[in-house]
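Protein sequences, first through last, are from chains X and L.
In case it helps, our numbering puts the first sequence at residues 284 to 559.
In case it helps, our numbering puts the second sequence at residues 6 to 229.
No residue lacks a Cβ here, since even glycine has one placed at the ideal position from N, Cα and C.
In this text the structure is predicted, and so the values were computed from the model without any measurement.
The structure under discussion appears below in the form of structure tokens.
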Amino acid sequence: MKLRKVSTAVVAVASLSLALSACGGGGADKGKDGDKIVIGIKYDQPGMGLKTQDGKFTGFDVDVARYVAKELGYSEDKIEFKQAPSAERENLISNGDVKFVAGTYTINDKRKAKVDFAGPYFMAHQDLLVRADETTITKVEDLNSKKLCSVTGSTSAQNVKEKLAPKADLQTLGGYSECLNGLENKTVDALTTDGTILAGYAAQKENQGKFKLVGLKLSDEPYGIGLKKGDKDLQSKINAALEKMQKDGSWQKAVDANLGPANYKADPAPAITEKG
Amino acid sequence: MFDFLSSGRYDLLGAFWVTVQLTLYSAVGSLIWGTLLAGMRVSPVPLMRGFGTAYVNLVRNTPLTIIMVGSLLGLYQTLGFKLGADLSADIGFRLAVLAMVAYTGTFVCEALRSGINTVPVGQAEAARAMGLSFVQVLTLIVLPQAFRSVVAPLANVLIALTKNTTVASAIGVAEASFLMKNMVENETDALFAVFALIALGFIVLTLPTGLLLGWVSKRVAVKR
């Protein structure tokens, strides 16, 4: 008798989880009805795309995504954000799980083989973050005798190793927070990745005054909005929205609001190059 | 599809060599630590028994990622233990081995303890009647038989250990999954090929381990 109860419970749980996963998969269809739009963003990058503890979304990418969605005809409450980690962005787009992705998504040829881009809407550069009292690191050559930290697998880490400072003692960790902890405790001397992300971390309340950006331009990272390959209609609509955003001043406002607190000197808005 | 391999940018064998090294060092370390723990758990001293039980239950129920990242943040970054190395890569490797030994030792201990239970009580009693001390009973009579009966479960632990080494990429050890993360970042157009390649690499490592140790376990089993 007891066994029977257990098996009933198991069946109940299994069918429940099936029902739940069926709900989860429905996101993309809603987008097609013109009811809701699902947008992929990063959840873990302060200043660019961050899900705060009370469930709100902030950051420059989020502001751009909201503006574009508005121009596409979706009001604020019709937007649904979905986490798009770097390794999953292309699949989320080509499976139709998201309408587009705006998440520090650098335009490059390998990615263009899988998805189309609109934009670029922002030109970021690889930069260095050091302790506020650091004076010995002013150019990239200084790194060769220093301990450097970045995130496992990131383009920035590979750039350092292959081109910028091959002799630097590079440590690659799972997340930027681990690197920041090391920087604070002086087990590393500098943290490198896109300046936008560094600025976001430096501007966080608990980090204010502890770190500074060196302000180098070690690479060009044109951020684009990723969308389904061949969807020229959506691409030109998003491009039009981005152009409008730059013209009416909302672009500058979003930059100042999200990246201003860390003294990040952003490049002027880049020209739209990804056209059909 | 696999043309990214010929670009010369990725050292696949080198990465798997690090995985193998990580596995071997951790395997030896956790075998020793696990045996010590098992000894403590069956010892007549209440304090040692208590420590062994508490340690095993605490550590084996903690996710490996937390132990791994905790050793980096706590031991290295905050307390400054470098484990005798200077380069970040070496420090990361040694920390990873330390974390793996601390974690896997608990599973070795429990496998071994089940082996100890297969040795008839009469043998330990007979040995004690002859005047052997606890350490002598354990090392001369009980453990040699216990080890022979737990080769198969220990092979399980070793295979799990091999795959658990991928967690070390979280603290920057350049093993196979670390390379995979680099490939995923660069080779967006061949994601499935990358995953398949790394998975194949691990099968090449673990399948022979399982077959070999399965054969060994049959050979050395105590016939009762």
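- Among the CB atoms of chain L, none fall inside 8 Å of the CB of R414 (chain X).
- Taken atom to atom, the span from the alpha-carbon of G478 (chain X) to that of A523 (chain X) is near 27 Å.
- Using a 10 angstroms sphere on the CB of F7 (chain L), the tally of other CB atoms stays under 16, which defines it as exposed.
- A Cβ-Cβ separation of about 18 Å leaves V423 (chain X) out of contact with T455 (chain X) under the 8 Å criterion.
- Ranked by Cα distance from D16 (chain L), the options L:T211, L:A195, L:N187, L:L210 are led by L:N187.
- In the three-state reduction of the DSSP assignment, V413 (chain X) falls in the strand class.
- For L333 (chain X), the three-state secondary structure derived from DSSP is strand.
- Listed along chain L are L78, Q82, each with a C-beta nearer than 7 Å to that of N464 (chain X).
- Between the beta-carbon of M105 (chain L) and that of L166 (chain L) there is about 7 Å, and that keeps the pair under the 8 Å contact cut.
- Taking a Cβ-Cβ cut-off of 9 Å, the neighbours of E373 (chain X) in chain L comprise T193, D194, L196, given in sequence order.
- In the same chain as L210 (chain L), and ignoring 5 residues on each side of it, the C-beta atoms closer than 8 Å to its own belong to F21, T24, V25, T28, T167, in chain order.
- For D392 (chain X), the enclosing alpha helix (DSSP H) stretches over residues 392–395.
- Annotation: Cβ neighbours of K186 (chain L) in chain X (cutoff 7 Å, chain order): T435, G436.
- A distance below 7 Å between beta-carbons, with the five flanking residues on each side excluded, links T341 (chain X) to the following residues of its chain, in chain order: L333, T335.
- Where P403 (chain X) is concerned, the enclosing beta strand (DSSP E) starts and stops at 399–407.
- Counting C-beta pairs closer than 8 Å gives fewer than three between the segment 79–87 of chain L and the segment 107–125 of chain L, which falls short of the contact rule.
- In this structure, DSSP gives Y357 (chain X) a state outside helix and strand, which the three-state scheme calls coil.
- Contact annotation, V321 (chain X) with D380 (chain X): C-beta distance approximately 7 Å; criterion of less than 8 Å satisfied.
- At a cut-off of 8 Å between beta carbons, I72 (chain L) makes no contact with chain X.
- Per the DSSP secondary-structure output, A107 (chain L) pairs with nothing in a beta bridge.
- In the three-state scheme derived from DSSP, where H, G and I count as helix and E and B as strand, S48 (chain L) is classed as coil.
- Distances from the CA of A554 (chain X) to each of X:D516, X:K530, X:A448, X:A367 were compared; the closest alpha carbon is that of X:K530.
- Among the residues of chain X, those whose CB is under 8 Å from the CB of G97 (chain L) are Q454, following chain order.
- Residue state for L88 (chain L) is assigned as coil, using DSSP reduced to three classes.
- Chain X places no beta carbon closer than 8 Å to that of G44 (chain L), leaving this residue out of the contacts.
- At a C-beta separation below 7 Å, T470 (chain X) has these neighbours in chain L: Y81, Q82.
- Put simply, the segment 53–63 of chain L does not touch the segment 122–133 of chain L. Fewer than three CB pairs are less than 8 Å apart.
- E557 (chain X) sits in coil when the DSSP states are folded into three classes, being neither helix nor strand.
- P368 (chain X) is not bridged by DSSP to any residue.
- Under the three-state reduction of DSSP, T421 (chain X) is assigned to coil, being neither helix nor strand.
- Listed in chain order, the non-local C-beta contacts of S437 (chain X) below 7 Å within the same chain comprise T476, local neighbours out to five positions each way being set aside.
- In terms of beta-carbon proximity, S12 (chain L) stays away from the interface with chain X, with every pair separated by 8 Å or more.
- About 13 Å separates the CB atoms of G465 (chain X) and A175 (chain L); that is not less than 8 Å, and the two are not in contact.
- Judged by DSSP in its simplified three-state form, F139 (chain L) adopts helix.
- The segment 392–406 of chain X makes contact with the segment 191–203 of chain L, as at least three CB pairs between them are under 8 Å.
- Checking the DSSP bridge columns, you'll see T83 (chain L) has no partner listed.
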